[in-house]
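See structure below.
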Amino acid sequence: MQVPFLNPAAQTAALREELLRAVTEVLDQGHFVLGPRVAALEQEIADQVGARFGIGVNSGSDALTLALRALDIGPGDEVITTPFTYIAPAESVHQVGAKLVFADIDPRTFTLDPAEVARRITPRTRALLPVHLFGQAAALGPLRALAARHSLRIVEDCAQSIGAQWEGRGLGSIGDIGCFSFYPTKNLGADGDGGMCVTSDEALAKKLRMLRVHGIERRYFHDLHGYNSRLDEIQAAILRVKLPHLARWNARRGEIAARYAAGLAGLPVELPPVSPGNAHVWHVFALLSDRRDELQAQLAAQGVPTLIYYPQPLHLQRCYEGLGWKPGDYPVAESVARRILPLPLYPELTDAQTDHVVGAVRSFFRS
Ligand SMILES: Cc1ncc(COP(=O)(O)O)c(C=O)c1O
Numbered sequence: 000m001q002v003p004f005l006n007p008a009a010q011t012a013a014l015r016e017e018l019l020r021a022v023t024e025v026l027d028q029g030h031f032v033l034g035p036r037v038a039a040l041e042q043e044i045a046d047q048v049g050a051r052f053g054i055g056v057n058s059g060s061d062a063l064t065l066a067l068r069a070l071d072i073g074p075g076d077e078v079i080t081t082p083f084t085y086i087a088p089a090e091s092v093h094q095v096g097a098k099l100v101f102a103d104i105d106p107r108t109f110t111l112d113p114a115e116v117a118r119r120i121t122p123r124t125r126a127l128l129p130v131h132l133f134g135q136a137a138a139l140g141p142l143r144a145l146a147a148r149h150s151l152r153i154v155e156d157c158a159q160s161i162g163a164q165w166e167g168r169g170l171g172s173i174g175d176i177g178c179f180s181f182y183p184t185k186n187l188g189a190d191g192d193g194g195m196c197v198t199s200d201e202a203l204a205k206k207l208r209m210l211r212v213h214g215i216e217r218r219y220f221h222d223l224h225g226y227n228s229r230l231d232e233i234q235a236a237i238l239r240v241k242l243p244h245l246a247r248w249n250a251r252r253g254e255i256a257a258r259y260a261a262g263l264a265g266l267p268v269e270l271p272p273v274s275p276g277n278a279h280v281w282h283v284f285a286l287l288s289d290r291r292d293e294l295q296a297q298l299a300a301q302g303v304p305t306l307i308y309y310p311q312p313l314h315l316q317r318c319y320e321g322l323g324w325k326p327g328d329y330p331v332a333e334s335v336a337r338r339i340l341p342l343p344l345y346p347e348l349t350d351a352q353t354d355h356v357v358g359a360v361r362s363f364f365r366s
């Protein structure tokens with residue numbers, strides 16, 4: 000049996016007629032950028048998250064950069080984020096000219112360790128940028144307490160966690176601004192790039208709306224240094240077809256994760272926990288093994304190709320050479336990067352495929 004690691008085409012196939020109808024309508028109407036579908040999607044996502052305003056932008060990466068800009072974070076400021084994630088949050092700090100500060104992660108949840116964050120706070124720290132990695136919240140309780148104590152802003156990176164909750168509240172509604180990605184492989188994926196900021200602060204929402212179109216409120220009058228970061232109508236139309244299915248898809252992800260957890264129990268691997276108070280949406284199910292590379296090779300031989308995220312923590316990336324980081328600076332992130340192995344997980348994965356993956360992992364540890 001072959002088990003593709005990702006399979007976005009399966010989702011498209013299931014919704015093919017509806018998607019084609021929605022895209023054709025946009026083509027026929029001829030309004031392609033920031034039109035009525037973007038406005039409707041912004042409200043729908045804000046409602047789903049539990050925030051007042053949604054601001055569609057052209058990627059999750061831009062959502063983060065615009066969020067920091069909207070909070071007036073720039074040169075002279077420090078922002079603390081995680082070295083174990085996709086690079087976008089770190090890039091956004093760099094792009095606004097602030098100082099990028101990493102804090103190490105918790106070895107079980109792979110999200111920011113609040114004790115490590117506390118150690119990195121200085122008088123220049125302006126914001127925390129936690130990533131709700133793999134589908135569940137970072138340690139928001141202690142992080143919010145730190146933010147309150149030191150008057151810090153919180154920008155939530157929710158790229159991998161749309162629909163997830165912490166203590167009954169939607170991720171993205173808890174900090175000052177929540178940032179989402181609609182990259183095709185995300186839990187809610189467009190058929191191209193897309194992203195969104197959500198906030199309940201009206202002034203921030205207004206500023207974000209200006210920043211995404213060259214700093215204008217009135218056409219050809221530029222009050223801020225802005226960006227071209229608009230969400231287009233075709234992607235919004237596609238996302239509006241998919242959004243009603245998100246809860247069901249996330250529930251199916253949960254079933255697959257539970258099947259993996261039951262099937263792999265008792266093996267000499269560490270399985271991903273759900274932190275108390277979290278409703279997890281299982282963007283990724285990743286185990287830890289000291290024999291990761293051998294296990295990955297054996298899975299591939301049994302029709303289960305996998306992709307490691309993330310093989311290199313951010314502080315050791317070449318693009319940050321010269322900033323002074325070295326191996327050993329963030330030992331937990333480095334150790335997780337060496338041992339982590341994500342398994343295939345998407346709503347269209349069948350029980351038989353899930354069981355095949357479980358069988359392949361089990362057979363590795365029998366051999
Ligand atoms: C944690 C995280 N943050 C930000 C992003 C950036 O989103 P985008 O690819 O839409 O720019 C991604 C993924 O792509 C991500 O996984």
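Residues in the sequence shown are numbered from 0 upward in steps of one, following numbering that gives the first Met the number 0. Idealized CB from N, CA, C, for every residue including glycine. Predicted, not measured: the structure shown is a model, and the values here were computed from it.
Flag this pair as yes or no: are the beta carbons of residue i and residue j separated by less than 9 Å?
i	j	result
M195	G49	no
L127	L145	yes
L387	A204	What is shown of the chain runs 0 to 366, which leaves residue 387 out entirely.
T110	A136	yes
S91	L132	no
P271	T108	yes
I237	A69	no
I104	V273	no
L187	L245	yes
E166	G276	yes
R211	G225	yes
T198	V130	no
V303	A359	yes
L65	S288	no
Could you please give me the residues that DSSP links to residue i through a beta bridge?
i	result
F220	R217
Q164	G169, A278
T80	F101, L128
R152	A126
L67	In DSSP, L67 forms no bridge with anything.
V374	No information on residue 374 is available, as it lies outside the stretch 0 to 366 that the chain covers here.
V212	N227
A13	In the DSSP output, where bridge partners are listed per residue, A13 has none listed.
L18	According to DSSP, L18 bridges with nothing at all.
L111	I104
Can you give me the C-alpha to C-alpha distance between residue i and residue j, rounded to a whole angstrom?
i	j	result
V240	G162	16 Å
A296	H30	49 Å
L19	I255	29 Å
L344	D46	27 Å
R291	I339	7 Å
S58	D190	12 Å
T305	R217	49 Å
L263	A9	26 Å
P267	D200	47 Å
G169	Y219	37 Å
I44	R36	12 Å
P142	P113	Here residue 142 turns out to be Leu, not Pro, going by the sequence shown. Computed Cα separation, rounded: 6 Å.
G265	H149	43 Å
T184	P243	17 Å
G73	G96	5 Å
V78	R317	20 Å
Q42	R51	8 Å
F363	G53	46 Å
S60	P88	7 Å
D27	K325	55 Å
R208	L223	11 Å
G140	H221	39 Å
H213	K206	11 Å
Helix, strand or coil for residue i per DSSP?
i	result
D350	helix
N227	strand
L142	helix
V130	strand
C318	helix
T23	helix
P35	helix
I255	helix
A89	helix
A137	coil
L287	strand
L266	coil
I339	strand
L40	helix
W324	coil
S366	coil
D192	coil
V2	coil
K185	coil
With a threshold of 9 Å between beta-carbons, can residue i be considered close to chain C, or not?
i	result
L238	Protein chain content of the structure displayed is limited to a single chain, and chain C is not contained in it.
Is it a yes or a no for the region 179-199 touching the region 116-126, going by three-plus beta-carbon pairs under 8 Å? no
Decide yes or no for the touch test of the region 2-13 against the region 344-358: beta carbon pairs closer than 8 Å, at least 3 of them. yes
Touch check for the region 307-315 and the region 325-338: three-plus C-beta pairs under 8 Å? yes
Report yes or no: do the region 152-170 and the region 271-287 share at least 3 C-beta pairs separated by less than 8 Å? Touching, yes.
With a cut-off of 6 Å, give the chain-ordered residues whose Cβ is closer than this to any heavy atom of ligand 2. For the structure depicted, ligand 2 is absent and the ligand set comprises only ligand 1.
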